[in-house]
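The structure under discussion appears below in the form of structure tokens.
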Amino acid sequence: MSYKIKTDMFEGPLDLLVYLIENAKMDIYDIEISEITGQYIEYIKQMQNLDVEIGAEFILLAANLLKIKSKLLLPGNNKEESLKEDDPRREIVDMLMEYKKFKNVAEYLKKREGEGLQLIAKPKEDLEEILSDPTEILKLSHEEFIKAFEKFILKKQKVMDIKKRYDNIQRKRITAEERIGYIKKLLLEMIDDQQEIDFIETLKDEKDRYDKALSFTSVLEMIKQGQVVASQETTYGNIKLSRGCKLSEASMSEEDETFTL
Numbered sequence: 144m145s146y147k148i149k150t151d152m153f154e155g156p157l158d159l160l161v162y163l164i165e166n167a168k169m170d171i172y173d174i175e176i177s178e179i180t181g182q183y184i185e186y187i188k189q190m191q192n193l194d195v196e197i198g199a200e201f202i203l204l205a206a207n208l209l210k211i212k213s214k215l216l217l218p219g220n221n222k223e224e225s226l227k228e229d230d231p232r233r234e235i236v237d238m239l240m241e242y243k244k245f246k247n248v249a250e251y252l253k254k255r256e257g258e259g260l261q262l263i264a265k266p267k268e269d270l271e272e273i274l275s276d277p278t279e280i281l282k283l284s285h286e287e288f289i290k291a292f293e294k295f296i297l298k299k300q301k302v303m304d305i306k307k308r309y310d311n312i313q314r315k316r317i318t319a320e321e322r323i324g325y326i327k328k329l330l331l332e333m334i335d336d337q338q339e340i341d342f343i344e345t346l347k348d349e350k351d352r353y354d355k356a357l358s359f360t361s362v363l364e365m366i367k368q369g370q371v372v373a374s375q376e377t378t379y380g381n382i383k384l385s386r387g388c389k390l391s392e393a394s395m396s397e398e399d400e401t402f403t404l
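Residue 144 is where the sequence shown starts when you use this note's numbering, and the numbers rise one by one after that.
Okay, here's the thing in structure tokens:
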């Protein structure tokens, strides 16, 4: 019984030889036979469990490599020269080139087969009935059709111009300082320090999510500075804002300065 041995790197003796040459970054037309033969035989030693048939193919190629190596050792063979017609390596080079050619074709066909499996052919339809139907779908002359198309393009262009104009309009963003100043004004307009306002009142003119978030963070900053006191009677209930001690002191200082002037 024979077995076909295949690994992720090579399949068969020629595939192994191509792998060794490419891995050593050698020019296939200028193979270092001595080095490649040594590597090839070392691989064979590691494949002692191969069946006789496959093993014989590997050993046959090893014998050819050893024969070429011995010929190159004979006087008159200069390995530095380029490949010539009588170069002992030509036989193995021709064999490898032929092998690579068929291998490339096989890989190309395999790729095309994979691409073909991803396609679904549409069954052929009989269009004779449609082509022979004398019904006129669009009763427009050539000139009328062009005018209708131009009208459509102009209308679409107007819509795009208006959309572009409104997309470019951006409302000016208020700053945190401006929002804090607005909240201060609301609190200072109250008659006494005990009065309260709903936090919602600071948002009544704001529809933008950004501005609402800015109002909330501004209140937190004012609480931190002692300018605002916040209270909430129930969970998720209305947040009440009243003057903090720092804001009351600032208000009194401003009144004193006004009276002095």
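Quick reminder that beta carbons are idealized off the backbone N, C-alpha and C, glycines included.
Counterpart residues of residue i in DSSP-defined beta bridges
i, result
"Lys-383", "Asp-341, Ser-374"
For residue i, the three-state DSSP class (helix, strand or coil)
i, result
"Ser-275", "coil"
"Tyr-251", "helix"
"Met-169", "coil"
"Asp-237", "helix"
"Ala-264", "coil"
"Asp-230", "coil"
"Gly-257", "helix"
"Asp-269", "coil"
"Lys-347", "coil"
"Pro-156", "helix"
"Leu-390", "helix"
"Leu-208", "helix"
"Leu-217", "coil"
Element boundaries [alpha helix (DSSP H), containing residue i]
i, result
"Gly-324", "319 to 331"
"Thr-182", "Residue identity check: residue 182 is Gln in the sequence provided, not Thr. 176 to 188 is the extent of the alpha helix (DSSP H) around Gln-182."
"Ser-284", "Element bounds for Ser-284: n/a, residue is neither H nor E."
"Leu-357", "352 to 367"
Inter-residue spacing [alpha-carbon to alpha-carbon] between residue i and residue j
i, j, result
"Tyr-183", "Leu-260", "38 Å"
"Arg-255", "Pro-266", "21 Å"
"Asp-158", "Ser-213", "23 Å"
"Ile-317", "Thr-360", "13 Å"
"Leu-239", "Ile-263", "38 Å"
"Ala-411", "Glu-268", "Summary: the structure shown does not reach residue 411, with the chain confined to residues 144 through 404, and so no result is reported for it."
"Lys-383", "Lys-389", "17 Å"
"Gly-181", "Tyr-251", "32 Å"
"Leu-193", "Ile-179", "Since pLDDT at Leu-193 reaches only 47, below the 50 mark, its modelled position is unreliable, and the value read off the structure follows with that caveat. Between Leu-193 and Ile-179, the C-alpha separation is close to 21 Å."
"Thr-377", "Gly-324", "28 Å"
"Ile-343", "Leu-330", "13 Å"
"Tyr-162", "Glu-200", "17 Å"
"Glu-293", "Glu-286", "11 Å"
"Lys-290", "Ile-305", "23 Å"
"Ser-284", "Arg-352", "54 Å"
"Gly-257", "Lys-301", "49 Å"
"Ile-211", "Arg-232", "6 Å"
"Pro-156", "Leu-204", "7 Å"
"Lys-328", "Val-372", "15 Å"
"Leu-215", "Asn-247", "30 Å"
"Thr-345", "Ser-374", "15 Å"
"Glu-223", "Tyr-242", "Residue placement at Glu-223 is flagged as unreliable, the pLDDT there being 46, under the threshold of 50; a coordinate-derived value is accordingly withheld."
"Ala-249", "Pro-218", "41 Å"
"Asp-237", "Asp-230", "12 Å"
"Glu-272", "Met-303", "42 Å"
"Lys-367", "Ile-326", "14 Å"
"Gln-370", "Lys-299", "55 Å"
"Ala-206", "Lys-253", "33 Å"
"Ser-225", "Met-169", "Low confidence applies here, because Ser-225 scores a pLDDT of 48, under 50, leaving its location unreliable; read the following figure in that light. Ser-225 and Met-169: Cα-Cα distance of roughly 13 Å."
Inter-residue CB distance, residue i and residue j (contact presumed, cutoff 8 Å)
i, j, result
"Ile-176", "Leu-208", "7 Å"
"Ile-187", "Ile-202", "7 Å"
"Arg-322", "Leu-357", "5 Å"
"Ser-385", "Glu-339", "5 Å"
"Asn-381", "Asp-354", "Not a contact, Cβ separation roughly 19 Å."
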